[in-house]
Each structure stands twice: as structure tokens, then as C-alpha cells.
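> The structure is given below, and queries will be raised subsequently.
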Amino acid sequence: MKTKIFIMSMAIAAISFVYGCSQNPKSAQANEQAAQTKVVYTCTMHPEVISNKPGKCPKCGMTLVEKKVSVDTLKSQPGDTAKKKIKVKGV
90 MKTKIFIMSM AIAAISFVYG CSQNPKSAQA NEQAAQTKVV YTCTMHPEVI
140 SNKPGKCPKC GMTLVEKKVS VDTLKSQPGD TAKKKIKVKG V
């Protein structure tokens with residue numbers, strides 16, 4: 090009886106080990122990368138127009154298109170002019 094319990098517990102341990110090792114580490118990396126990106130909307134004619142929601146360009150009235158950017162891109166460095174370009178209603 091003790092032998093059967095020992096064999097069953099070893100089998101469960103082996104199955105748990107195999108299952109744990111077979112997890113895809115790239116999926117965690119992909120989730121982390123997706124968390125570092127943000128969807129913004131921009132005008133194709135005026136790329137300086139950036140909004141966090143769909144709508145129309147305030148300059149020409151064209152529909153804003155979806156664009157995925159990294160969060161680091163949205164954080165401007167000192168002396169960077171990108172921060173000046175992001176001043177749009179709704180941001």
C-alpha cells in the first residue's frame with residue numbers, strides 16, 4: 090500500500106515537473122512587451138497630431154488612424170521636441 094502511494098506521488102510530481110517546464114517563456118515576454126505599447130491615433134497628413142481616442146484631425150478634418158507606439162516613445166527626453174507635438178485635445 091505504501092509503495093502504491095509512493096509511486097502515485099512520484100508520478101504526480103513528474104507530471105507537474107514536465108508541465109511546469111513546458112510553459113512557453115516567450116508568452117510572458119510578449120505580455121510584458123504588449124504592456125509597454127500604447128495605441129494612439131494620428132493624422133496621416135499631420136503626424137504631429139496625436140490623440141488617445143479616434144476622431145478627426147483638428148487641422149484638416151481627416152479621420153485619425155490607429156498607431157501602436159512604445160511607452161518610451163511617448164516619454165520625451167530633455168530637449169526633445171516630441172512633447173511639444175503631442176498637445177492635442179483629448180490627450
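Per the numbering used here, the very first residue in the sequence shown carries number 90; after that it's consecutive.
Beta carbons: idealized from backbone N, C-alpha and C, even for Gly.
What is the DSSP secondary structure of threonine 50, counted as helix, strand or coil?
The requested residue 50 does not occur in the structure, where the chain is confined to residues 90 to 180.
> If you drop the 5 nearest sequence neighbours on each side, which residues of the same chain put their C-beta closer than 7 Å to that of serine 159?
Within the sequence shown, the letter at position 70 stands for residue 159. Once the five neighbours on either side are set aside, the close Cβ partners of serine 159 are Gln125, Thr126.
> Run the CB neighbour count on serine 105, radius 10 Å, all protein chains shown included, and call it buried at 16 or more, exposed below.
As a working mapping, residue 105 is identified with position 16 in the sequence shown. Exposed, by the Cβ-count rule.
> Distance, Cα to Cα, methionine 151 vs valine 128?
Translated into positions along the sequence shown, residue 151 becomes position 62. Translated into positions along the sequence shown, residue 128 becomes position 39. One C-alpha to the other measures close to 18 Å.
> State the Cα-Cα distance for the pair glycine 144 and alanine 102, rounded to the nearest angstrom.
For the purposes of this step, residue 144 is taken as the residue at position 55 of the sequence shown. For the purposes of this step, residue 102 is taken as the residue at position 13 of the sequence shown. Spanning the two alpha carbons is a distance of roughly 55 Å.
> Per the DSSP calculation, valine 158 is bridged to which residue(s)?
Taking the sequence shown and counting its residues from 1, the one referred to as residue 158 is at position 69. Partner(s): Lys127.
> Isoleucine 96: buried (16+ other C-beta within 10 angstroms of its C-beta) or exposed?
Taking the first residue of the sequence shown as position 1, residue 96 is located at position 7. Answer is exposed; the Cβ neighbour count stays below 16.
> Please go through the same chain and pick out, in chain order, the residues whose beta-carbon is closer than 8 Å to the beta-carbon of methionine 134, but skip the five residues on each side of it.
By one-based count along the sequence shown, residue 134 stands at place 45. Within the same chain, and ignoring the five residues on either side of methionine 134 in sequence, the residues whose Cβ sits closer than 8 Å to its Cβ are Cys146, Lys148, Cys149, Met151.
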